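Top to bottom, those sequences are chains C and R.
Just so we're aligned, residue 7 is where the first sequence starts under the numbering used here, counting upward by one.
Just so we're aligned, residue 2 is where the second sequence starts under the numbering used here, counting upward by one.
Every residue, glycine too, gets a C-beta built ideally from N, C-alpha and C.
Here the structure is a predicted model, which is why all the values come from computation and not from measurement.
Working notes, structure below.
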Amino acid sequence: MLKINGLKAEINGKEILKGLNLEVKPGEVHAIMGPNGSGKSTLASVLAGREEYEVTGGDVDFEGEDLLDLSPEQRAGEGLFLAFQYPVEIPGVSNINFIKTAVNEVREYRGLPNLETKEFMKLLKEKQQLVELSGKLANRSVNEGFSGGEKKRNEIFQMAMLNPKLGILDETDSGLDIDALRIVANGVNELKTKDNAFVVVTHYQRLLDYIVPDFVHVLYDGRIVKTGTKELALELEEKGYDWIIDEFKETV
Amino acid sequence: MSMSDEDKIIEEATTGDYKYGFVTDIESDLAKVGLTEDTVRFISAKKDEPEWLLDWRLKAFRMWEKMEEPDWAHVSYPKPNFQDIIYYAAPKPKKEYESLDQVDPEILKTFEKLGVPINEQKALSGVAVDIVMDSVSVATTFKDKLGKLGIIFCSFSEAVKNHPELVREYVGSVVPQTDNFYSALNSAVFSDGSFCYIPKGVRCPMELSTYFRINEANTGQFERTLIIADEGAYVSYLEGCTAPQRDENQLHAAVVEIVAKKDAEVKYSTVQNWYPGDKKGRGGIFNFVTKRGICAGDNSKISWTQVETGSAVTWKYPSCILKGDNSVGEFFSVAVTNNMQQADTGTKMIHLGKNTKSTIVSKGISAGKSQNSYRGLVKIAKGADGARNFSQCDSLLIGAKCGAHTFPYIECQNKSAKVEHEATTSKIGEDQLFYCNQRGIKTDKAIGLIVNGFCKNVMDNLPMEFAIEAKKLLEISLEGSVG
């Protein structure tokens, strides 16, 4: 589904990703962990097409398409979704209007007609329940005055509405209490099928108690330096990153 | 987004051509170029006006001759040569029409392109329309239905003929002939406009709507609107404006006067999309308009809502004189400027009566290289005990080459008054755009969404049908303008 090969990217002339390789297949959940400043959020941003980042090398294949050739909205249309670490507020635009616009834009990209209001409302209710999002939030402005937990649940709600092939969660667990964490994770688990995949960028092991990854990757200095299974996450929790960094430095 | 990309996109901001730039091919009955006493007499004679109105015009003309064009507004433009303008143009086949079938099909086609609600469906949806094309009212619908309630809704010329006592009593009573340079000019040469009278205790059952349109090249349009709501009456009045594309600058200097008596309420909504000129600033309408209402009686209310997307230069301050005790004035405004447009717009709230209340909500959106200014005066007179004002002025910038300015004036002569002013300036953030893009929403659509969100509490004040049109207009006006 996703094949990243030797990806290099910089921002303001500073190289952040230094030749990153990653392959994600349908039905898989990958966790990306790593110390601060290793390039985790950069990876998420580059995949979603944020323009501040300049890709200086490598290629990314997404479902047979050259992902780097596509605009952010085309990537969304192709089925890539990014749950933001810091979701922005859009004053005056209701949450329901926003997601309806998004759903119909993505449908238009795929050559589908707009969703009938009745169908849309049905979908909306179903997905709101999935992340235990209060119906009241639908009429509030996008993320405006939302608590930290509400913002993150709103991201998962939007993901559920758009039903992407590949969902990238950028530190969705940061700032969440244990209940919110459970709700978010539960949402992801409900959405998981054999045809889609998730890349979960996280700092802490605790999210992975709820979303069980097939692979855990350690990102350091713009490269994936170690790959393992969920046990690796537990090991990291216990021992920190230093031993991996040392291991990596020796091989270099 | 890198800087050069941003520049490129901003340069492309003008790809959205003005969609109403067509010229209707009908003969016109023109006045000679230029403005002299003879021009004024010509217009008055053409319209078969009574002596008192000719005298009224001439008085305005003589004072106008001595006045100077104002230059305090934050706009710059080549001053129009007032001797190069044709002051009167009437569509030629001018007869009285009894039904729409008799109206020149060319004219009807024009209105159709504009989407003017003149047809049956619209009629059924409850919109009475008085259409002003260049200068003469060509069709009025619903007159009968309104007539049964004693409501008068007709062209200004008809009102002069049929209700001279009302016109004579109120014309110039809110905006005196000599109020300013343009009101004096209008008073001298106005060709037509709309007149509306709602009798005591009558609630007008439908929105009254007028479309103005400048068609003849090189003609100025000087219409006058007079709305009188008698005691306890209510009316909601809509005005929409569109002008075809022209290389020359055309002048539009209208006057609107509103009188609200005791317990009366007038809601006046405008959507203005006069031709704004091309991306280099060539052509476009100079829109110098004086709009003012007086809450003459106790507990009366006047509410202005405007959505301004057009004109090369706009100079417009719909105002309220709050004379009656407990009277209420409201001003809700969205002003969008793109490319080389300049707008200096706002309001004046003059509190004279006790416990008078005013609310000002102004949303300015600037894109391209445009300049957008809010200018407002809140004046609390000595006797206005317990007066209250709340003003909110928000500016939204799109791109790095435009400007937003706020000039609020507050004059308070009464210690018991409470005046509040809030102002914000923000930019459409790349973060917001990227967020929308990531959800599959294209940039143009995202801007429309964000801008409409920004204007929401003004748009909510527009009548439903108008709000949809205004929303579309905002999107069209800002097509391609990313920052």
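Limits of the beta strand (DSSP E) - the one that residue i falls within
i	result
C/K232	R229 to G234
R/V168	Counting along the chain, R/V168 falls outside any beta strand (DSSP E), though it belongs to the alpha helix (DSSP H) covering P165 to Y171.
R/D193	D193 to I199
R/S304	K302 to E309
R/W316	V314 to K317
R/Q273	E266 to N274
C/V35	V35 to M39
C/E60	E60 to F68
R/S320	S320 to L323
C/F221	F221 to Y226
Collapsed DSSP secondary structure at residue i in the structure displayed
i	result
R/P79	coil
R/C155	strand
R/M64	helix
R/G454	helix
C/T107	helix
R/R42	helix
R/N120	Bear in mind that the predicted position of R/N120 carries a pLDDT of just 47, short of 50, making it unreliable; the figure below should be weighed with that in mind. Three-state result, R/N120: coil.
C/V99	strand
R/V290	strand
C/A89	strand
R/I477	helix
C/I10	strand
R/D85	coil
R/G127	Only weak support exists for where R/G127 lies, its pLDDT of 43 falling under 50; the value from the coordinates is given anyway. If DSSP states are grouped into helix, strand and coil, R/G127 belongs with coil.
C/R159	helix
C/Q80	helix
R/T179	coil
R/G278	coil
R/S174	coil
C/D75	helix
R/A74	coil
R/E232	coil
C/L242	helix
R/A255	coil
R/E240	strand
R/E470	helix
Residue i vs residue j beta-carbon contact at 9 Å
i	j	result
R/K162	R/D49	yes
R/A261	R/I303	yes
C/I174	C/A37	no
C/V224	C/M39	yes
R/I322	R/I295	yes
R/I259	R/Y198	no
C/Q80	C/D176	no
C/N103	C/N160	no
C/K133	C/A166	yes
R/S188	R/E224	no
C/F254	C/D227	yes
C/A89	C/Q211	no
R/A185	R/M350	no
R/V267	R/V236	yes
R/L378	R/T348	yes
Closer than 8 Å: residue i CB and nearest the ligand COA heavy atom
i	result
R/V308	Absence of the ligand COA is noted for the structure shown, with no ligands found whatsoever.
Residue i - containing alpha helix (DSSP H), residue span
i	result
R/Y436	E431 to Q439
R/L150	That residue, R/L150, is in no alpha helix (DSSP H); it is neither H nor E in DSSP.
C/K24	First-last for C/K24: K20 to V30, but that is the beta strand (DSSP E), not the alpha helix (DSSP H).
R/L36	First-last for R/L36: undefined, no H or E at that position.
C/L49	K46 to A54
C/K255	D248 to T257
Taking only runs that begin and end inside the region 329 to 390 of chain R, name each unbroken beta strand (DSSP E) of 3 or more residues, in chain order. 329 to 338, 343 to 352, 358 to 367 and 372 to 381
With a floor of 3 residues, list each beta strand (DSSP E) that falls wholly inside the region 163 to 216 of chain C, ordered by position along the chain. 172 to 176 and 203 to 207
Counting Cβ pairs, one atom from each stretch, are 3 or more of them under 8 Å apart for the region 441 to 461 of chain R and the region 62 to 69 of chain C? Verdict: no, contact absent.
Secondary structure, beta strand (DSSP E): runs of 3+ residues fully inside the region 388 to 422 of chain R: 389 to 398 and 404 to 413
Using 8 Å as the threshold, is the region 117 to 129 of chain C in touch with the region 173 to 193 of chain C, meaning 3 or more CB pairs across them? no
The region 306 to 313 of chain R / the region 268 to 286 of chain R touching (three or more Cβ pairs under 8 Å): yes
For the structure I just gave you, are there three or more beta carbon pairs, one from the region 21 to 36 of chain C and one from the region 403 to 423 of chain R, closer than 8 Å? no
Quick one: complete alpha helix (DSSP H) runs, 4+ long, within the region 105 to 142 of chain C? 123 to 136
Cβ pair count under 8 Å reaching 3, the region 374 to 390 of chain R against the region 428 to 441 of chain R: No, they do not touch.
Check whether the region 110 to 119 of chain C touches the region 200 to 211 of chain C, counting contact only when three or more Cβ pairs, one atom from each stretch, lie closer than 8 Å. Contact fails: fewer than three Cβ-Cβ distances are below 8 Å.
Does the region 202 to 209 of chain R touch the region 177 to 185 of chain R, meaning 3 or more C-beta pairs lie closer than 8 Å? no
Assess contact between the region 388 to 397 of chain R and the region 359 to 378 of chain R, defined as three or more Cβ pairs (one per stretch) separated by less than 8 Å. Is contact present? The region 388 to 397 of chain R makes contact with the region 359 to 378 of chain R: 3 or more CB pairs, one atom from each, lie closer than 8 Å.
Inspect the CB distances between the region 337 to 344 of chain R and the region 367 to 381 of chain R and report whether three or more fall short of 8 Å. yes
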